[in-house]
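Take a look at the structure set out below.
Protein chains: 2
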Amino acid sequence: MTKILIVDDEIDILDFLSYNLKKEGFDVITASNGKMGIELVRQHRPNLVILDIMMPEMDGIEVCRRIRAQPEFNETTIAFLTARDEDLSQINALDVGGDDYISKPIKPQVLISRVKALLRRNKLDDATNSPIIKIGDLEIDRQKVQILRGEEVIELPRKEFELIVLLVSKPGKVFTREEIYSKIWGNDVIVGDRTIDVHIRKLREKLGENYIKTLKGIGYKFDF
Amino acid sequence: MTKILIVDDEIDILDFLSYNLKKEGFDVITASNGKMGIELVRQHRPNLVILDIMMPEMDGIEVCRRIRAQPEFNETTIAFLTARDEDLSQINALDVGGDDYISKPIKPQVLISRVKALLRRNKLDDATNSPIIKIGDLEIDRQKVQILRGEEVIELPRKEFELIVLLVSKPGKVFTREEIYSKIWGNDVIVGDRTIDVHIRKLREKLGENYIKTLKGIGYKFDF
DNA sequence: CGAAAAGTTAACATTAACTTAATCTTTAAA
DNA sequence: TTTAAAGATTAAGTTAATGTTAACTTTTCG
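As they're listed, the protein sequences go chains L and Y. First residue of the first sequence: 1, per the numbering used here; consecutive thereafter. First residue of the second sequence: 1, per the numbering used here; consecutive thereafter.
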């Protein structure tokens, strides 16, 4: 079942969105402020989060940033609600890791098809929903951002963690560099040619040489 | 080479997009109205079509619909150009078979990364959606870039893998050298006369002698 | 603020993959 | 049966892709 979390301080909008999305069969959760929103993301792991940008205390951008700061949610789709002429915020929205923005006023039809399009876009990444991934002798805990091998705890910095999680999300599948760049850095970020290699290097250093395999000219895969 | 067709009635935009995409090495074709656009799609079979929504006579939506009406262009990626707040049209765009929309004003960098993402998406989907090919006692897994024969895992370097996948794509069909060159190396690359032979040799070494058959003076085929 | 950690870049090294070249073998037509 | 053309084989050469290290930059957090 597809879970959608809506975060907005205006009750009317919350109700309006909630009503329309529920009617379409989505499982809707609501929060009336950013802090609560972040908490509910952790608890419910929604497939899509809709954030109002203009909120008192913590605005949507900030909420997004904090959600994205946790690697285990970097595949959650985040959309922003904006008043029609908040152009500047739209730009920040994408910078901060948002996937789309929906501008108010909202027509139900528009909302529904936008939401469906967003979810469609993400279907490929679904397999990875359970918080702890076990593979071979590793246990990857996305909440704690750490890996267990037997008694040994391996802690990884964010990018390294994201990378191993990506590879492990489809064990055996070969990920091209392109794929890795677009999934971990996003399409608008351009990093140098050797960046992935270096992260792979670090991972092999910490995990051992036998987990990640290079297929030259093709990409990397998690081998087990 | 990647071909992009841009359809827009405004010459300035056409030039601007064209300039930026050409600079990135794309092969750009332009049309200043929908009718011409549809014609050029037929002629050039571009990998990506960028359609302005707002055009006199035939709008982008209609152009898209007509392109999609031809089954052979089912897989062509279509993106729309929209003014920033044309919300309704964005919806129609997706309904009608568009893959993305790009909103004006356009920053070159954003354009480029958007276009690349779109093109990439197609390639990935191809590999991801392709099932495992089973033929004789072989299972060819394109996602894992490996071949299984019973318990045995056979890993092949890129060219060899591409070659076997090509041969297997139409089992029994004879592929001429010309065909193999153009499908695997493309028309811009020229390699020597014996290159294919060597790759065939390696494949036979790894798979066994009985899969690939030589028809002298004609070509090679996958025999099973 | 300022140190430590994370992330990126850049230069150079290494290596697997790929191509070529030289030579040998097979095939099929005259 | 001869012979020329096509293909097979092998080893050696070349290149493109990745590995490695360290320096540099940015971010994080006390």
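All C-beta atoms in this analysis are idealised placements derived from N, C-alpha and C, irrespective of residue type, glycine included.
Checklist line | CB contact flag (Asp9 of chain Y, Asn33 of chain Y, <9 angstroms) | finding: Indexing the second sequence from 1 puts residue 9 of chain Y at position 9. Indexing the second sequence from 1 puts residue 33 of chain Y at position 33. Contact: yes.
Notebook entry, point to check: Which residues in the same chain have their Cβ closer than 7 angstroms to the Cβ of Trp185 of chain L, if we skip the five residues on either side of it in sequence?
Noted result: As a position in the first sequence, residue 185 of chain L is number 185, starting the count at 1. Closer than 7 angstroms at the Cβ level, and outside the excluded window around Trp185 of chain L, lie Val191.
Next item on the list: Quick one: residues in its chain with C-beta nearer than 8 angstroms to the C-beta of Val41 of chain Y, no 5 flanking neighbours on either side, listed in chain order?
Entry: Residue numbering aside, residue 41 of chain Y sits at position 41 when the second sequence is read from its first letter. Cβ within range, chain order: Leu5, Val49, Ile67, Phe73 and Thr76.
Next item on the list: Take Met58 of chain Y as the anchor and find which of Y:Pro46, Y:Glu179, Y:Ile38 and Y:Arg45 has the nearest alpha-carbon.
Entry: Residue numbering aside, residue 58 of chain Y sits at position 58 when the second sequence is read from its first letter. It is Y:Ile38.
Check: So which of L:Ile200, L:Ile13 and L:Glu179 has the shortest CA-CA distance to Lys159 of chain L?
Finding: By one-based count along the first sequence, residue 159 of chain L stands at place 159. Per the Cα distances, L:Ile200.
Notebook entry, point to check: Can you find a C-beta in chain Y that's less than 9 angstroms from the C-beta of Leu215 of chain L?
Noted result: For the purposes of this step, residue 215 of chain L is taken as the residue at position 215 of the first sequence. Chain Y contact via Cβ: present.
Check: Can you list the residues of chain L that Lys144 of chain Y reaches, using a CB-CB cut of under 8 angstroms?
Finding: What you label residue 144 of chain Y is simply residue 144 of the second sequence in a count that begins at 1. Within 8 angstroms Cβ-Cβ: Gly172, Lys173, Val174 and Lys221.
Check: Closest to Leu138 of chain L by CA distance: which of L:Tyr220, L:Asn210, L:Asn20 and L:Ile53 is it?
Finding: As a first step, residue 138 of chain L must be located in the first sequence, where it is residue number 138. Of the listed residues, the one whose Cα sits closest to Leu138 of chain L is L:Asn210.
Item checked: Near-chain L residues of the stretch 147–164 of chain Y - C-beta to any C-beta below 9 angstroms -> Residues passing the 9 angstroms Cβ filter: Glu155, Pro157, Arg158, Lys159 and Phe161.
Note to self: Can you find the residues in the same chain that come closer than 7 angstroms, C-beta to C-beta, to Lys35 of chain L, ignoring five residues on each side of it along the sequence?
What the structure shows: Taking the first sequence and counting its residues from 1, one reaches residue 35 of chain L at position 35. So the qualifying residues of the chain are Met58.
Item checked: Beta-bridge pairing of Val7 of chain Y - partner residues as DSSP gives them -> Here residue 7 of chain Y corresponds to residue number 7 of the second sequence, with the count starting at 1. As a beta-bridge residue in DSSP terms, Val7 of chain Y pairs with Y:Ala31 and Y:Leu51.
Note to self: I'd like to know if Ile50 of chain L contacts chain Y, where contact means its C-beta is closer than 9 angstroms to some C-beta of that chain.
What the structure shows: The residue labelled residue 50 of chain L in the question sits at position 50 within the first sequence. Taking Cβ atoms only, chain Y never reaches closer than 9 angstroms to Ile50 of chain L, which makes this a no.
Margin query: To the nearest angstrom, how far is the alpha carbon of Glu162 of chain Y from that of Lys183 of chain Y?
Written below: Along the second sequence, read from residue 1 onward, the residue named residue 162 of chain Y stands at position 162. Along the second sequence, read from residue 1 onward, the residue named residue 183 of chain Y stands at position 183. Distance between the alpha carbons of Glu162 of chain Y and Lys183 of chain Y is about 9 angstroms.
Notebook entry, point to check: What whole-angstrom Cβ distance do Leu166 of chain Y and Ile180 of chain Y have, given they're in contact under 8 angstroms?
Noted result: Taking the second sequence and counting its residues from 1, the one referred to as residue 166 of chain Y is at position 166. Taking the second sequence and counting its residues from 1, the one referred to as residue 180 of chain Y is at position 180. Contact between Leu166 of chain Y and Ile180 of chain Y holds, since their C-beta atoms are separated by about 7 angstroms, short of 8 angstroms.
Note to self: What does DSSP give as the partner residue(s) for Thr76 of chain L in the beta ladder?
What the structure shows: In the first sequence, the residue the question calls residue 76 of chain L occupies position 76. Looking at the DSSP output, Thr76 of chain L shares a beta bridge with no other residue.
Next item on the list: Starting from Ile140 of chain L, follow its DSSP beta bridges and name the residues at the other end.
Entry: Here residue 140 of chain L corresponds to residue number 140 of the first sequence, with the count starting at 1. Bridge partners of Ile140 of chain L: L:Ile133 and L:Ile147.
Note to self: Quick check on Ile78 of chain L - is its C-beta less than 9 angstroms from some C-beta in chain Y?
What the structure shows: To locate residue 78 of chain L, count along the first sequence from 1; it is residue 78. Ile78 of chain L has a beta carbon lying at 9 angstroms or more from every beta carbon in chain Y.
Next item on the list: Using the Cα positions of Thr2 of chain L and Leu81 of chain L, report the straight-line distance between them to the nearest angstrom.
Entry: Within the first sequence, numbered from 1, the residue matching residue 2 of chain L stands at position 2. Within the first sequence, numbered from 1, the residue matching residue 81 of chain L stands at position 81. The straight-line gap from Cα to Cα measures roughly 20 angstroms.
Note to self: Which residues in chain Y have a C-beta closer than 9 angstroms to the C-beta of Ile135 of chain L? List them in chain order.
What the structure shows: On the first sequence, position 135 is the one that residue 135 of chain L refers to. Those within 9 angstroms of Ile135 of chain L in chain Y number zero; the least Cβ separation is about 15 angstroms.
Checklist line | Selection from Y:Ile11, Y:Ala31, Y:Pro56 and Y:Met55 that minimises the alpha carbon distance to Pro46 of chain Y | finding: Locating residue 46 of chain Y in the second sequence gives position 46, counting from the first residue. That would be Y:Ala31, whose Cα lies nearest to the Cα of Pro46 of chain Y.
Check: Taking just the CA atoms, how far does Ile29 of chain Y sit from Gln43 of chain Y?
Finding: Counting from one through the second sequence, the residue named residue 43 of chain Y turns up at place 43. Counting from one through the second sequence, the residue named residue 29 of chain Y turns up at place 29. Straight-line Cα distance between these residues: approximately 11 angstroms.
Check: Which chain Y residues are close to Ile218 of chain L, counting only those with a beta carbon under 7 angstroms from its beta carbon?
Finding: Counting from one through the first sequence, the residue named residue 218 of chain L turns up at place 218. Those within 7 angstroms of Ile218 of chain L in chain Y are Val145 and Arg158.
Next item on the list: Have a look at the DSSP bridge pairing and note the partners of Phe175 of chain L.
Entry: Position 175 of the first sequence holds residue 175 of chain L. BP columns for Phe175 of chain L point to L:Tyr220.
Checklist line | Extent of the continuous alpha helix (DSSP H) to which Ile212 of chain L belongs | finding: Position 212 of the first sequence, counted from the first residue, corresponds to residue 212 of chain L. Element bounds for Ile212 of chain L: not the alpha helix (DSSP H) but the beta strand (DSSP E), Ile212 to Leu215.
Next item on the list: Grab me the residues of Pro56 of chain L's own chain with a C-beta within less than 7 angstroms of its C-beta, minus the 5 sequence neighbours each way, in chain order.
Entry: Here residue 56 of chain L refers to the residue found at position 56 when the first sequence is read from its first residue. Asp9, listed in sequence order.
Checklist line | CA-to-CA distance, Arg204 of chain L to Val198 of chain L, given in whole angstroms | finding: Working through the first sequence from its first residue, we reach residue 198 of chain L at position 198. Working through the first sequence from its first residue, we reach residue 204 of chain L at position 204. Answer to the nearest angstrom: the Cα atoms are 10 angstroms apart.
Next item on the list: Would you kindly work out how many angstroms separate the C-alpha atoms of Glu152 of chain Y and Lys213 of chain L, rounded to a whole number?
Entry: Looking up residue 152 of chain Y in the second sequence gives position 152. Looking up residue 213 of chain L in the first sequence gives position 213. Approximately 18 angstroms, taken between the alpha carbons.
Check: To which residues does DSSP link Glu57 of chain L through a beta bridge?
Finding: Here residue 57 of chain L refers to the residue found at position 57 when the first sequence is read from its first residue. DSSP output for Glu57 of chain L lists no bridge partner at all.
Margin query: Assuming Val7 of chain Y and Asp52 of chain Y are in contact, meaning their beta carbons sit under 8 angstroms apart, how far apart are those beta carbons, in whole angstroms?
Written below: In the second sequence, the residue the question calls residue 7 of chain Y occupies position 7. In the second sequence, the residue the question calls residue 52 of chain Y occupies position 52. So it is a contact: roughly 6 angstroms between Cβ atoms.
Checklist line | DSSP bridge partner residues for Glu152 of chain Y (one or two, in chain order) | finding: As a first step, residue 152 of chain Y is located in the second sequence; it is residue number 152 there, counting from the start. Per DSSP, Y:Arg149.
Next item on the list: For Lys216 of chain Y, I'd like the list of residues in its chain whose CB is within less than 7 angstroms of its CB, leaving aside the five on either flank, ordered along the chain.
Entry: By one-based count along the second sequence, residue 216 of chain Y stands at place 216. Cβ within range, chain order: n/a, list empty.
Check: Closest to Lys221 of chain Y by CA distance: which of Y:Gly208, Y:Pro171, Y:Pro108 and Y:Ile196 is it?
Finding: Counting from 1 along the second sequence, the entry for residue 221 of chain Y is found at position 221. It is Y:Pro171 whose Cα lies nearest to the Cα of Lys221 of chain Y.
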